[in-house]
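S.K.:
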Amino acid sequence: DVKVTQSSRYLVKRTGEKVFLECVQDMDHENMFWYRQDPGLGLRLIYFSYDVKMKEKGDIPEGYSVSREKKERFSLILESASTNQTSMYLCASSVRGGSTDTQYFGPGTRLTVL
Amino acid sequence: QKEVEQDPGPLSVPEGAIVSLNCTYSNSAFQYFMWYRQYSRKGPELLMYTYSSGNKEDGRFTAQVDKSSKYISLFIRDSQPSDSATYLCAMSRNTNAGKSTFGDGTTLTVKP
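These protein sequence lines are chains A and B, in that order. Numbering-wise (the numbering used here), the first sequence opens with residue 17 and increments by one. Numbering-wise (the numbering used here), the second sequence opens with residue 3 and increments by one.
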């Protein structure tokens, strides 16, 4: 069974803090993704990575950065957290070039920025 | 305009009803079509996957793709309270890209 884990289920931070969200997958997947999910806005892609040290901007990268130093680990960084970054953050991974394009999601981190 | 539009819901049905969940899309390059189910406070998980046009059945679930109309549907027969969740459609061009485009989700409640 593919397992995607995220470092925290719930996180409360203050405006201006630097926030690190970490994601680890155990299935040797090439692709990893960070989304945020908000009511009425659905899943929005922040960044994705298709290999170690590779990253590409998604639809809403502003205010975020990412790091992928190891294949299994993909970190999302909020350089200076703001209240409009309060959201559910979901990490996912997938195989590149497989027979399907299934993404496997972690349980999510609910981040509140005060 | 979004590439993928999903019927917004919410949808509330009695137990045993047939449920139809629908998405339309604008990009004719999409070839892979997925339905994810997301229970409250959990991440989405893949429910059904189809390639190109046609139907696919898995137990009480049937996924239907009509590429000519750019329309996909998920049917749930004999719906159960355990089917209560948010359902997200997703589409992608090819597996090498690795990127899927998601609908906003439809929240379904099945009442006993």
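No residue lacks a Cβ here, since even glycine has one placed at the ideal position from N, Cα and C.
Specify, as a first and last residue, the run of the beta strand (DSSP E) that Thr64 (chain B) falls within.
M.R.: Where Thr64 (chain B) is concerned, the enclosing beta strand (DSSP E) stretches over Phe63 to Asp68.
S.K.: Would you please state the rounded distance, in angstroms, between the beta carbons of Asp37 (chain A) and Leu92 (chain A)? I believe it to be under 8 Å.
M.R.: In the sequence under discussion, the amino acid at residue 37 (chain A) is Leu, which differs from the Asp named in the question. Confirmed, Cβ separation roughly 4 Å.
S.K.: Nearest chain B C-beta to Thr31 (chain A) closer than 8 Å, yes or no?
M.R.: Chain B contact via Cβ: absent.
S.K.: May I have the straight-line CA-CA distance separating Ser2 (chain B) from Gly11 (chain B), to the nearest angstrom?
M.R.: The question about residue 2 (chain B) has no answer, for chain B in this structure spans 3 to 114.
S.K.: Leaving out the 5 sequence neighbours to the left and right, which residues in its chain are closer than 7 Å to Ser75 (chain B) when beta-carbon positions are compared?
M.R.: So the qualifying residues of the chain are Ser22, Leu23, Asn24 and Gln66.
S.K.: Residues of chain B with CB under 9 Å from Pro123 (chain A), in chain order?
M.R.: Those are Arg43, Lys44 and Gly45, listed as they occur along chain B.
S.K.: Using beta carbons (cut-off 8 Å, strictly below), is Asp117 (chain A) in contact with chain B?
M.R.: With 8 Å as the cut-off, Asp117 (chain A) counts as an interface residue toward chain B.
S.K.: My understanding is that Arg84 (chain A) touches Met43 (chain A), with C-beta atoms under 8 Å, so please give their C-beta distance in whole angstroms.
M.R.: Not a contact, Cβ separation roughly 15 Å.
S.K.: Measuring CA to CA, which of B:Thr88, B:Tyr27 and B:Glu17 is closest to Gln3 (chain B)?
M.R.: Among B:Thr88, B:Tyr27 and B:Glu17, the Cα nearest to that of Gln3 (chain B) is on B:Tyr27.
S.K.: To which residues does DSSP link Ile78 (chain B) through a beta bridge?
M.R.: DSSP output for Ile78 (chain B) lists B:Val21 and B:Phe63 as bridge partner(s).
S.K.: Arg52 (chain A) and Met104 (chain A) look like a contact to me (Cβ under 8 Å); what is the Cβ gap, rounded to whole Å?
M.R.: At roughly 7 Å, the Cβ-Cβ gap stays under 8 Å, so Arg52 (chain A) and Met104 (chain A) are in contact.
S.K.: DSSP on Pro77 (chain A), reduced to helix/strand/coil?
M.R.: If DSSP states are grouped into helix, strand and coil, Pro77 (chain A) belongs with coil.
S.K.: When you compare each of A:Ser110, A:Asp75, A:Asp54 and A:Pro55 to Arg89 (chain A) by their alpha carbons, which one comes out closest?
M.R.: The shortest Cα separation from Arg89 (chain A) among A:Ser110, A:Asp75, A:Asp54 and A:Pro55 belongs to A:Ser110.
S.K.: Go ahead and label Asp75 (chain A) buried or exposed: buried means 16 or more other beta carbons lie within 10 angstroms of its beta carbon, across all protein chains shown.
M.R.: Answer is exposed; the Cβ neighbour count stays below 16.
S.K.: Which residue from B:Leu110, B:Met93, B:Lys113 and B:Gln82 puts its Cα closest to that of Phe104 (chain B)?
M.R.: Of the candidates B:Leu110, B:Met93, B:Lys113 and B:Gln82, the one whose C-alpha sits nearest the C-alpha of Phe104 (chain B) is B:Met93.
S.K.: In angstroms, rounded to a whole number, what distance separates the CA positions of Lys86 (chain A) and His45 (chain A)?
M.R.: Each residue's alpha carbon lies about 11 Å from the other.
S.K.: Could one say the Cβ of Asp9 (chain B) lies closer than 8 Å to chain A's Cβ atoms, at least one of them?
M.R.: Not closer than 8 Å to any Cβ of chain A, the Cβ of Asp9 (chain B) fails to qualify, so no.
S.K.: In the DSSP assignment, the beta strand (DSSP E) including Glu7 (chain B) goes from what residue to what residue?
M.R.: From DSSP, the beta strand (DSSP E) with Glu7 (chain B) extends over Val6 to Gln8.
S.K.: Output needed in chain order: residues of the stretch 63-90 of chain A with a Cβ under 9 Å from some Cβ in chain B.
M.R.: The residues in question are Phe64, Tyr66, Glu72 and Gly74.
S.K.: For Thr59 (chain A), which residues of its own chain have a beta-carbon under 6 Å away from its beta-carbon, when the five flanking residues on both sides are left out?
M.R.: The sequence shown places Leu at residue 59 (chain A), rather than the Thr named in the question. Here the set comprises Tyr51 and Gln53.
S.K.: Decide if Gln82 (chain B) is buried, meaning its Cβ has at least 16 other Cβ atoms within 10 Å, or exposed.
M.R.: It is exposed - the Cβ of Gln82 (chain B) has fewer than 16 other Cβ atoms within 10 Å.
S.K.: Under a three-way DSSP split, which group does Asn47 (chain A) fall into?
M.R.: Reduced to three states, the DSSP call for Asn47 (chain A) is strand.
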